[in-house]
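As they're listed, the protein sequences go chains A and B. Read left to right, the first sequence gives residues 32 to 256 (the numbering used here). Read left to right, the second sequence gives residues 32 to 256 (the numbering used here).
Protein chains: 2
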Amino acid sequence: MVELSTTDRTRVRRVPERAAHDPAALYAVLDDGLICHVGFVHDGTPVVIPTSYGRDGDVLYLHGSTGSRMMRHLTTGAPVCVTVTLLDGLVLARSVMHHSMNYRSAVVFGAARPVTDADERWRAFEAIVDHLVPGRWTDARHPNRREAAATAIVALDLTEASVKLRSGPPVDDEIDLDAGTWAGVLPVTTTVGAPLADDHTPAGVAAPAYAVDYRRPVHSNGNSG
Amino acid sequence: MVELSTTDRTRVRRVPERAAHDPAALYAVLDDGLICHVGFVHDGTPVVIPTSYGRDGDVLYLHGSTGSRMMRHLTTGAPVCVTVTLLDGLVLARSVMHHSMNYRSAVVFGAARPVTDADERWRAFEAIVDHLVPGRWTDARHPNRREAAATAIVALDLTEASVKLRSGPPVDDEIDLDAGTWAGVLPVTTTVGAPLADDHTPAGVAAPAYAVDYRRPVHSNGNSG
Numbered sequence: 032m033v034e035l036s037t038t039d040r041t042r043v044r045r046v047p048e049r050a051a052h053d054p055a056a057l058y059a060v061l062d063d064g065l066i067c068h069v070g071f072v073h074d075g076t077p078v079v080i081p082t083s084y085g086r087d088g089d090v091l092y093l094h095g096s097t098g099s100r101m102m103r104h105l106t107t108g109a110p111v112c113v114t115v116t117l118l119d120g121l122v123l124a125r126s127v128m129h130h131s132m133n134y135r136s137a138v139v140f141g142a143a144r145p146v147t148d149a150d151e152r153w154r155a156f157e158a159i160v161d162h163l164v165p166g167r168w169t170d171a172r173h174p175n176r177r178e179a180a181a182t183a184i185v186a187l188d189l190t191e192a193s194v195k196l197r198s199g200p201p202v203d204d205e206i207d208l209d210a211g212t213w214a215g216v217l218p219v220t221t222t223v224g225a226p227l228a229d230d231h232t233p234a235g236v237a238a239p240a241y242a243v244d245y246r247r248p249v250h251s252n253g254n255s256g
Numbered sequence: 032m033v034e035l036s037t038t039d040r041t042r043v044r045r046v047p048e049r050a051a052h053d054p055a056a057l058y059a060v061l062d063d064g065l066i067c068h069v070g071f072v073h074d075g076t077p078v079v080i081p082t083s084y085g086r087d088g089d090v091l092y093l094h095g096s097t098g099s100r101m102m103r104h105l106t107t108g109a110p111v112c113v114t115v116t117l118l119d120g121l122v123l124a125r126s127v128m129h130h131s132m133n134y135r136s137a138v139v140f141g142a143a144r145p146v147t148d149a150d151e152r153w154r155a156f157e158a159i160v161d162h163l164v165p166g167r168w169t170d171a172r173h174p175n176r177r178e179a180a181a182t183a184i185v186a187l188d189l190t191e192a193s194v195k196l197r198s199g200p201p202v203d204d205e206i207d208l209d210a211g212t213w214a215g216v217l218p219v220t221t222t223v224g225a226p227l228a229d230d231h232t233p234a235g236v237a238a239p240a241y242a243v244d245y246r247r248p249v250h251s252n253g254n255s256g
């Protein structure tokens, strides 16, 4: 299997047995996530902004207003870090020190590339819209020329990334096991609920199947793993 | 009401009507969130790492192994950005351009201060543990001298921050309202489920009330707002 490059910044130093290095593990985290946190450096200061994203093969797409600080930064090709975190459980150990979380996280490093090719921009729009709500792109009105011109899109190659996973019960020190304390996991779940139509939706227009029966490519969260 | 300072980096430029400037709005986001994303600059590159946190009044606490890259960075007083994002809904408009999300987010800037005072360190430990599971601190074994020495704790004053909120239905262009397209919101909810005891918990030890009836100070998510 192809491995993601392990560079100085993607080598997992802390608890390296939680690291995964194959693209499939990376794509699974990205495909299950809804939003990412984008980090960039502005005047020497780190800035972390939540935003939506899309994936097409080994490329991650981000978009935003051409006037936004984040997109103005990213379109220059400045270094960027994109992190996606899925929280799966709160891990309650017998000792405070071994409290933890079950999670799946991906940290992607690189320099964003402005997407200017018309076909790639269209595929990126579709990837971003259908990432949040698979199927929505075909139902919504697509960007017109003016709207598209106001939207910056950047691509980030998924080549330098680290993936970390923790699952399963707490791992306590032997000496604490007989303390009589309750220990275990509180599972954390993110769910998408029943669609709420807005006031302009005609009474006869039913919510589409992809909204009523919302599905994502959900991978195992491994609380019992 | 006291206002958070509006500096060049906390001024909300895009959609400024979504900004909130009072500490109560900031604390509400921080108290509802489970994890934060910490941004720092390492060798000129932005790095964004998910981690837990705690709040005590107007101070945010982060902790980690003294050997972790993040904590080694933060304890130097380097600039840091801590972002907490609560995703409340997927907003499906009639046009792709007006697709959005309902969310509450807080972006805090500053320089972290290493916490060395023994009393403050203890309060910070408690704030971090009880942030994730209110009530757990009193039940778990507290850090011993060796464990405490291996843990770095930093404080970040909650003085320079921006809060952004979006709630309610999509806002479409007038021209799209008669398209006959279904539009509305898919609510997103994060829930903590029934506790799963680990294999070392004796059969007679019931899960504590704070785990069975898990509660956070949950504020309105405003999907209907």
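For every residue, glycine included, the Cβ atom is placed at its ideal position computed from N, Cα and C. Only a predicted model underlies this, so the values are computations on that prediction, with no experimental measurement involved.
Report, in whole angstroms, the separation of the C-beta atoms of residue i and residue j, which I expect to be a contact under 8 Å.
i, j, result
"His-162 of chain B", "Gly-88 of chain B", "With 8 Å as the limit, His-162 of chain B and Gly-88 of chain B do not qualify as a contact, their Cβ atoms being about 13 Å apart."
"Tyr-288 of chain A", "Leu-118 of chain A", "Examination of residue 288 of chain A is not possible in this model, given that chain A is present from 32 through 256 alone."
"Leu-57 of chain B", "Ala-179 of chain B", "Contact doesn't hold; Cβ gap of about 29 Å is too wide."
"Ile-159 of chain B", "Ser-83 of chain B", "6 Å"
"Thr-220 of chain A", "Gly-166 of chain B", "Not a contact, Cβ separation roughly 21 Å."
"Thr-41 of chain A", "Phe-140 of chain A", "6 Å"
"Ile-80 of chain B", "Met-101 of chain B", "5 Å"
"Leu-181 of chain A", "Thr-97 of chain A", "Looking at the sequence itself, residue 181 of chain A is Ala, so the reference to Leu does not match. Ala-181 of chain A to Thr-97 of chain A, Cβ: 6 Å. Contact."
"Val-90 of chain B", "Gly-70 of chain A", "No, Val-90 of chain B and Gly-70 of chain A are not in contact; Cβ-Cβ is about 23 Å, not under 8 Å."
"Pro-233 of chain B", "Leu-217 of chain A", "Their Cβ separation, rounded to whole angstroms, is 19 Å, which puts Pro-233 of chain B and Leu-217 of chain A out of contact at 8 Å."
"His-104 of chain B", "His-68 of chain A", "Not really, about 17 Å apart at Cβ, beyond 8 Å."
"His-231 of chain B", "Leu-208 of chain A", "5 Å"
"Thr-116 of chain B", "Ile-66 of chain A", "7 Å"
When the distance is taken between beta carbons, is residue j closer than 8 Å to residue i?
i, j, result
"Ala-109 of chain A", "Val-72 of chain A", "yes"
"Ala-228 of chain A", "Gly-95 of chain B", "no"
"Ala-183 of chain B", "Thr-106 of chain B", "yes"
"Ala-171 of chain A", "Val-127 of chain B", "yes"
"Ser-131 of chain A", "Pro-201 of chain A", "yes"
"Ala-186 of chain B", "Ala-143 of chain B", "yes"
"Asp-63 of chain B", "Arg-247 of chain B", "yes"
"Trp-213 of chain B", "Pro-145 of chain A", "no"
"Leu-189 of chain B", "Ala-51 of chain B", "no"
"His-129 of chain A", "Asp-74 of chain A", "no"
"Val-194 of chain B", "Val-60 of chain B", "yes"
"Val-164 of chain B", "Tyr-241 of chain B", "yes"
"Glu-151 of chain B", "Trp-168 of chain B", "no"
"Glu-191 of chain A", "Thr-38 of chain A", "yes"
Give the DSSP bridge partners of residue i, in chain order.
i, result
"Val-111 of chain B", "B:Gly-141"
"Pro-54 of chain A", "Looking at the DSSP assignment, Pro-54 of chain A forms no beta bridge with any residue, so it has no partner."
"Val-185 of chain A", "A:Leu-93 and A:Pro-145"
"Met-132 of chain B", "B:Leu-121"
"Thr-221 of chain B", "A:Thr-221"
"Val-78 of chain A", "A:Phe-71"
"Gly-215 of chain A", "A:Leu-123 and B:Ala-228"
"Glu-191 of chain B", "B:Phe-140"
"Leu-196 of chain B", "B:Arg-135"
"Asp-87 of chain A", "A:Val-90"
"Arg-172 of chain A", "B:Ser-126"
"Thr-116 of chain B", "B:Ser-136"
Please compile the residues from chain A whose C-beta is within a distance smaller than 8 Å of the C-beta of residue i.
i, result
"His-73 of chain B", "Arg-40"
"Asp-207 of chain B", "Arg-172"
"Tyr-245 of chain B", "Leu-217"
"Gly-224 of chain B", "Leu-217, Pro-218, Val-219 and Thr-220"
Along chain A, in chain order, which residues have C-beta atoms closer than 7 Å to that of residue i?
i, result
"Gly-166 of chain B", "What Gly-166 of chain B touches in chain A: nothing, since even the nearest Cβ is about 11 Å away."
"Arg-125 of chain B", "Ala-171 and Arg-172"
"Thr-107 of chain B", "Residues of chain A passing the Cβ test: none, with the nearest at roughly 13 Å."
How would you list, in chain order, the residues of chain B whose beta-carbon sits under 8 Å from the beta-carbon of residue i?
i, result
"Ala-214 of chain A", "Ala-228, Asp-229, His-231 and Thr-232"
"Leu-163 of chain A", "Leu-121, His-130 and Met-132"
"Gly-211 of chain A", "Pro-233 and Val-236"
At a CB-CB cut-off below 7 Å, which residues of chain B make contact with residue i?
i, result
"Pro-54 of chain A", "Chain B residues near Pro-54 of chain A: none, gap ~20 Å exceeds 7 Å."
"Ala-50 of chain A", "Simply none; closest approach about 14 Å."
Note down, in chain order, every chain B residue with its Cβ under 9 Å from the Cβ of residue i.
i, result
"Val-90 of chain A", "Neighbours of Val-90 of chain A on chain B: none; closest Cβ ~19 Å, over 9 Å."
"Ala-240 of chain A", "What Ala-240 of chain A touches in chain B: nothing, since even the nearest Cβ is about 11 Å away."
Would you mind telling me which residues of chain A sit closer than 9 Å to residue i, beta carbon to beta carbon, in chain order?
i, result
"Thr-97 of chain B", "The premise fails here: Thr-97 of chain B is roughly 11 Å from chain A at the closest Cβ pair, so nothing lies under 9 Å."
What residues in the region 128 to 156 of chain A have a beta carbon less than 8 Å from any beta carbon of chain B?
-> Met-128, His-130, Met-132, Tyr-134, Ser-136, Val-138, Phe-140 and Phe-156
Using a Cβ cut-off of 8 Å, which residues of the region 180 to 205 of chain A contact any Cβ in chain B, in chain order?
-> Thr-182, Pro-200, Pro-201 and Asp-203
Below 7 Å between beta carbons is the criterion; list the residues of the region 56 to 69 of chain B that meet it against any residue of chain A, in chain order.
-> Leu-65, Ile-66 and His-68
Using a Cβ-Cβ cut-off of less than 7 Å, list which residues of the region 110 to 121 of chain A approach chain B; keep chain order.
-> Pro-110, Val-111, Cys-112, Thr-114, Thr-116, Leu-118 and Leu-121
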